Each structure stands twice: as C-alpha cells, then as structure tokens.
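Data first, discussion second: the structure below is written as structure tokens.
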Amino acid sequence: MSDFLSTMAESSAVRARAAKASSGVEGLTSRASSARPVIPLQLPTAGFDLIAEAKLASPADGTFLTVGDPRGRVVELAHMFEGAGAIAVSVLTEPSKFDGHMDHLEAAAAGVRVPVLRKDFLVDPIQVVEARAAGASGVLLIARLTDSAVLVDMTDTALGFGMFVLVELFDEADLDRASAILDRGILIGVNTRDLTTLKVDPQRLAILAPLLPDHLPAVAESGVLSAQDAESAALLGYRLALVGTGLVTTEDPAETARAMIAAGRLAATMGSTS
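Per this note's numbering, the sequence shown starts with residue 8, numbered consecutively.
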C-alpha cells in the first residue's frame, strides 16, 4: 500500500471510531434504517453512462472552490449533473485532502432524484451504515485498503441496505483481493491514478479491461477528462465512467457531462455492432 493510501486509511479509521463514539452502532443503524429510501441505480442493458462527481479539491489537482459555500456548490453541481443525464452523483466525504464532509453527502442526497454515492477511503462497515444514514444509495470501496474479510463485510452491509457498491481496483492483484465478492451484484472500477506519484496512467484501462469479469459492469475512473476519453473507455468495454476533475474544471460542467455521455454511448453502439 502506498504512503498516500496508508495515510488515508489511518485518517479514515479515526473517523470511523469517532462515528461509533458519537452515535453508536445501534444509533447509526437505526438512522440508516429510517433514512430516505435508497434510489436504485438504473443500469441499462447496453450503452454508456456517467457517475458525475461533485468535487471541491484533490491532492493531485488542488482546490477547485476558493470562495463561496462548499455545501451549496456540491448541491449546485449535483443538480447540474442530474439535469445533464448522469446516472448517479458521487460526493466526496474525505475532509483532509478533498475538502469533503458528510453534510455535503446528506445535502446532495436530499436534493436530487438520482442515486448518490459516498466516495471516501472507507475501512469499516460502520462507515457504510453512516453513508446510508445520510441518504446515500451507494458506496465506493477500495479493494486495496482493507483485508478481504472487511471488504466482504462492507459489501454485504451495503447490499443489505439495498445500496449499490463500486469496488475500485488499481491492478491485477486488487482483482484477486476482490475475488470473494465477484459473485455479488457490484460494479468494478479501474482507477488509473498512480497512488505514489498521483499521476494518471490511461493505459491501465486497456491493460485491465480484458481481465475484468464479463458479468459485472466496468467503470473507468480518473483520467477521463473529455468526450474523447469517454469514447475511448467505452470502446474498451467500460459501461460507465466516474468523472470529477474533468467536469468541475470546465466552464460548463453540465454541457461537458452531456458531451461525455453522448460520445460514450455512440462508441458503445459502434462497439456492439463491430
């Protein structure tokens, strides 16, 4: 595990303990059970879709919002992405490097009619419960971040609430780590960012695509910055892309999202007929 990922895991573990201490497992579970209903992820049988990320900052690219209300900006972006046709909205809750907050997740989930995904460095099933209590309909889980048993527990916790799960891989070893949950109805994501240099290696999508399970929808993550990138991912067989920086750094995030979706769907159609 890289130094960056180890730091994120340690910070996340502290926040998981704080969540247990402040609300208790029973309290969070009760809130999760009575939260607004899960919004199912409506995956088409074929084509290409976008999980659009309301992103305020990243350690690789810096801060995207220098003035204004962070929570309000997240909600504004979520509305834009919903209107542009994104299948789901991703909201970061990691505070130290991504300027995220659980309040941003809760506000976005209350403000849109598409599923909202909690994106963070989750290391404990209680954080899945916490996400559901805030109204999230899905969670991102990083295969490399925990051992297989914890990954199984977090996945089963999410599926038990009816949430969708995006499991993130960086290499073939991560795919082996995730083998215990490949019989579940999950999404498999390939993150092209090198966790040591924080640079993107777009070739990783092509390298891992043939190794991914055919029965699970594949998601391209990081490095999808344009409609052309979305087209390339779709031609490789990815059915979705999780895009943050490529949207929030443009003058018109909604129009960029529409262009990515259109390009990806056209490429997917071409690929299915070739």
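Note that the Cβ used here is the ideal one computed from N, Cα and C, for glycine as well. Bear in mind that the values here come from a model prediction, so they are computed numbers and not experimental data.
Are residue i and residue j closer than 8 Å when you measure CB to CB?
i	j	result
residue 35	residue 172	no
residue 97	residue 58	yes
residue 152	residue 174	no
residue 62	residue 12	no
residue 143	residue 125	yes
residue 20	residue 130	yes
residue 161	residue 132	yes
Kindly indicate which residue of the options has the alpha-carbon position closest to the one of residue i.
i	options	result
residue 43	139, 176, 106, 67	139
residue 266	38, 193, 244, 237	237
residue 213	242, 121, 234	242
residue 112	90, 82, 27	82
residue 235	199, 272, 196	272
residue 192	184, 233, 145	145
residue 255	270, 60, 120	60
residue 250	218, 95, 224	95
residue 224	207, 75, 53, 120	53
residue 244	253, 233, 277, 257	277
residue 26	90, 122, 141, 86	141
What's the call for residue i, buried or exposed, on a 16-neighbour Cβ count within 10 Å?
i	result
residue 49	exposed
residue 179	exposed
residue 230	buried
residue 218	exposed
residue 66	exposed
residue 210	exposed
residue 89	buried
Comparing the C-beta of residue i with each C-beta of chain C, is any distance below 8 Å?
i	result
residue 210	Here chain C cannot be found, since the structure has a single protein chain.
Give every residue of the same chain whose Cβ lies closer than 6 Å to the Cβ of residue i, excluding the five residues on either side of it in the sequence, and list them in chain order.
i	result
residue 187	155, 159
Under 8 Å Cβ to Cβ from residue i, same chain only, skipping five residues before and after it: list those, please.
i	result
residue 108	77, 78, 100, 102
residue 220	189, 195
Please check the pair residue i and residue j, which I expect to be a contact at CB under 8 Å, by giving their CB distance rounded to whole angstroms.
i	j	result
residue 168	residue 39	6 Å
residue 275	residue 55	4 Å
residue 128	residue 8	Rounded, the Cβ-Cβ distance is 11 Å, inconsistent with contact.
residue 284	residue 165	Residue 284 is absent from the structure shown; the chain starts at 8 and stops at 281.
residue 150	residue 106	Not confirmed; about 25 Å, so no contact.
Once you ignore the five residues that flank residue i on each side, which residues in its own chain have a CB closer than 7 Å to its CB?
i	result
residue 207	199, 200, 229, 230
residue 282	Absent from the structure is residue 282, since the part of the chain shown begins at 8 and ends at 281.
residue 86	118, 119
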